[in-house]
Amino acid sequence: MEIGLIGLGKMGYNLALNLSDHGHTVVGTDVGDVTSDAFTIVPTLEDVVNKLSTPRVIWAMVPAGDVTEEVLAELYERLEPGDIVIDGGNSNYKLSVARAEQFAEKDIKFFDCGTSGGTDGARNGACTMVGGDADAWPTIEPIFKDLSVENGYLYTGPAGSGHFLKMIHNGIEYGMMQAIAEGFDILEKSPFDYDYEQVARVWNHGSVVRSWLMELTENAFKKDAKLDEIRGVMHSSGEGKWTIETALDLQAAAPVIALSLMMRYRSLEDDTFSGKVVAALRNEFGGHAVVKK
Ligand SMILES: NC(=O)c1ccc[n+]([C@@H]2O[C@H](COP(=O)([O-])OP(=O)(O)OC[C@H]3O[C@@H](n4cnc5c(N)ncnc54)[C@H](O)[C@@H]3O)[C@@H](O)[C@H]2O)c1
Ligand SMILES: O=C(O)[C@H](O)[C@@H](O)[C@H](O)[C@H](O)COP(=O)(O)O
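Heads up: the sequence shown begins at 8 in the working numbering, then just goes up one per residue.
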C-alpha cells in the first residue's frame with residue numbers, strides 16, 4: 008500500500024523502514040532534516056498529500072498534544088472524503104474521540120493507534136492497538152499485520168478505544184517499572200553486595216518476574232553497574248496521569264499506578280516543601296531535630 012507518514016523521529020523513521028521492508032510505498036515528511044534511501048521524503052505535509060493516490064492513508068507520528076493537534080488540523084483541511092488518517096502517537100483518547108467525530112463530518116476515517124514496543128518494536132515488529140471505523144478497518148488491517156509482531160495487533164472497537172487501551176497499558180508500565188525499581192533500591196540498601204546485572208539475568212531465567220522490562224534492566228546495569236552516570240529524575244508524558252484521572256472518574260482503585268505517578272513527580276524535586284512542613288511540625292511538637300540549610 009501507499010502510506011504517508013508525518014513525523015520521522017525515533018518512532019516514525021523506524022516505522023517507515025519497517026513498512027518499506029514489507030513492500031509498502033512510504034512517503035514521509037518531517038520538520039527536521041531527515042534523509043533515507045529506503046523511502047521517499049518530501050518537504051511538507053502538503054507534498055505528502057499531493058504525492059499519494061486517493062483514497063489516501065496517512066499516519067501521524069509526532070509528539071502528542073499541540074503538535075499532533077496541529078498536524079491533524081492541517082490534514083483535516085487538506086484531505087478528501089474516503090481518505091484515512093491514523094494517529095499512532097500517545098494522544099489522549101478523549102481528543103481522539105473528538106477528532107474522529109470531526110473527521111467524520113468530511114467522511115474521512117480516523118483511527119487512533121496505541122503503538123507499543125519502543126523504537127525497536129517500530130523497526131522490527133510493534134504491538135499496535137487500533138480504534139476507529141469498523142467498516143474501514145479491513146482496508147488498513149494489512150498495514151498493522153505487517154508492522155506488528157505475530158499476534159501483535161488488535162482492532163479494539165470505536166474511535167478512542169485504541170488510545171484508551173494504550174493509556175492503560177502505560178499505566179501498567181509505570182507500576183511495573185516502579186516495582187522493579189523499588190526491589191533494586193532495597194537491594195542497594197541491603198548488607199549484601201549484589202551484582203545487579205547478574206541479578207536481573209538470573210531473574211530473566213525461569214523466574215516469575217522474567218520480562219522484557221527485566222531484560223532492559225539487565226541491559227541498563229550491564230552498561231552502568233550502579234547507574235552512577237544518570238540521576239533518578241523520572242519524566243512522564245501524560246499517560247500515567249490520564250490513567251489515574253480515568254481511574255478516579257470510574258471509581259476504580261489503582262493505588263500502585265497512582266503512587267508510581269507520584270514517585271515520578273517527587274523525582275523532579277531535589278527538596279520538598281511537604282518534607283519541610285513535616286520536619287517543622289515534628290520540631291514544634293517534639294523538639295525533634297531539623298536539618299538546617
Ligand atoms: N519513543 C517511544 O518509545 C514511543 C513509543 C510509542 C509511541 N510513541 C509516541 O509516538 C509519537 C512520536 O514519538 P517519537 O519518540 O518518535 O518522538 P520524536 O520526538 O523522536 O519524533 C517526533 C518527530 O516529529 C517531528 N515533527 C514535529 N512537528 C512536526 C510537524 N509539524 N510535521 C512533521 N514532523 C514534525 C519532529 O521533528 C520529530 O522528528 C509520540 O506521540 C510518542 O508519544 C513513542
Ligand atoms: O509502550 C511503549 O512503547 C512506551 O510506553 C512508549 O509509548 C513510550 O516510551 C512512553 O510514551 C513513555 O511514557 P512516559 O513518558 O509517560 O514514561
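Every residue, glycine too, gets a C-beta built ideally from N, C-alpha and C.
C-alpha distance - residue i paired with residue j, whole-angstrom precision
{"i": "Y272", "j": "G159", "result": "32 Å"}
{"i": "N21", "j": "S123", "result": "13 Å"}
{"i": "D277", "j": "E189", "result": "19 Å"}
{"i": "L177", "j": "L288", "result": "It should be pointed out that residue 177 corresponds to Asn in this sequence rather than to Leu. Between N177 and L288, the C-alpha separation is close to 37 Å."}
{"i": "T135", "j": "V156", "result": "9 Å"}
{"i": "D153", "j": "S27", "result": "10 Å"}
{"i": "H242", "j": "L161", "result": "29 Å"}
{"i": "V55", "j": "E225", "result": "41 Å"}
{"i": "N211", "j": "Y181", "result": "20 Å"}
{"i": "R208", "j": "Q258", "result": "39 Å"}
{"i": "A67", "j": "G247", "result": "22 Å"}
{"i": "I179", "j": "V263", "result": "9 Å"}
{"i": "F389", "j": "E236", "result": "The shown model of the chain, from 8 to 300, leaves out residue 389, and the question about it has no answer."}
{"i": "E222", "j": "V216", "result": "10 Å"}
{"i": "G95", "j": "A232", "result": "35 Å"}
{"i": "R238", "j": "F151", "result": "37 Å"}
{"i": "P62", "j": "A254", "result": "39 Å"}
{"i": "D142", "j": "P165", "result": "11 Å"}
{"i": "Q109", "j": "E76", "result": "12 Å"}
{"i": "S60", "j": "T146", "result": "15 Å"}
{"i": "S218", "j": "E195", "result": "21 Å"}
{"i": "F292", "j": "D256", "result": "38 Å"}
{"i": "R85", "j": "E148", "result": "24 Å"}
{"i": "S281", "j": "E252", "result": "23 Å"}
{"i": "V285", "j": "A260", "result": "27 Å"}
{"i": "E81", "j": "D40", "result": "21 Å"}
{"i": "H295", "j": "D200", "result": "34 Å"}
{"i": "M270", "j": "P198", "result": "25 Å"}
{"i": "G213", "j": "G245", "result": "34 Å"}
{"i": "H29", "j": "L172", "result": "26 Å"}
Whole-number beta carbon distance between residue j and residue i, since they are thought to touch under 8 Å
{"i": "G167", "j": "Y83", "result": "Not quite, the Cβ-Cβ distance comes to about 17 Å (not below 8 Å), so this is no contact."}
{"i": "T250", "j": "M174", "result": "5 Å"}
{"i": "V64", "j": "G11", "result": "7 Å"}
{"i": "L234", "j": "I187", "result": "13 Å between Cβ atoms; not a contact."}
{"i": "V137", "j": "C120", "result": "5 Å"}
{"i": "S274", "j": "V240", "result": "5 Å"}
{"i": "T42", "j": "I13", "result": "Going by Cβ atoms, the distance from T42 to I13 rounds to 17 Å, so no, they are not a contact pair."}
{"i": "V38", "j": "E9", "result": "The pair is not a contact, with the Cβ atoms about 22 Å apart (cut-off 8 Å)."}
{"i": "L24", "j": "A45", "result": "6 Å"}
{"i": "G139", "j": "A111", "result": "With 8 Å as the limit, G139 and A111 do not qualify as a contact, their Cβ atoms being about 10 Å apart."}
{"i": "S98", "j": "H31", "result": "About 23 Å separates the two Cβ atoms, so there is no contact after all."}
{"i": "K17", "j": "T126", "result": "5 Å"}
Short CB-CB distance (under 8 Å) between residue i and chain D
{"i": "G96", "result": "The structure shown contains no chain D, having only a single protein chain."}
Heavy atom of ligand 3 within 7 Å of residue i beta-carbon
{"i": "D142", "result": "With respect to ligand 3, the structure shown offers nothing to examine, as its ligands consist of ligand 1 and ligand 2."}
Contact between the region 109-118 and the region 85-99 (3+ Cβ pairs under 8 Å): Three or more Cβ pairs drawn from the region 109-118 and the region 85-99 lie within less than 8 Å of each other, which places the two stretches in contact.
Three or more beta-carbon pairs under 8 Å between the region 65-76 and the region 39-51, yes or no? Contact between the region 65-76 and the region 39-51 is not established, with fewer than three Cβ pairs separated by less than 8 Å.
Tell me whether the region 125-141 and the region 202-213 touch, counting them as touching only if at least three CB pairs, one residue from each stretch, are closer than 8 Å. With a cut-off of 8 Å, the region 202-213 and the region 125-141 do not count as touching, because too few Cβ pairs lie within range.
Could I get the ranges of all uninterrupted alpha helix (DSSP H) runs contained in the region 75-125, with 4 residues as the minimum, in chain order? The region 75-125 contains these whole alpha helix (DSSP H) runs: 100-111.
Give, in chain order, every unbroken run of the beta strand (DSSP E) that is at least 3 residues long and sits entirely within the region 146-226. If we require 3 residues or more, the beta strand (DSSP E) runs fully inside the region 146-226 come out as 155-164.
In chain order, what are the residue ranges of uninterrupted beta strand (DSSP E) at least 3 long that sit wholly in the region 36-69? Whole beta strand (DSSP E) segments, 3+ residues: 64-67.
Which runs of the alpha helix (DSSP H) fall wholly inside the region 218-272 and span at least 4 residues, in chain order? As far as the region 218-272 is concerned, its whole alpha helix (DSSP H) runs of at least 4 residues are 219-230 and 246-257.
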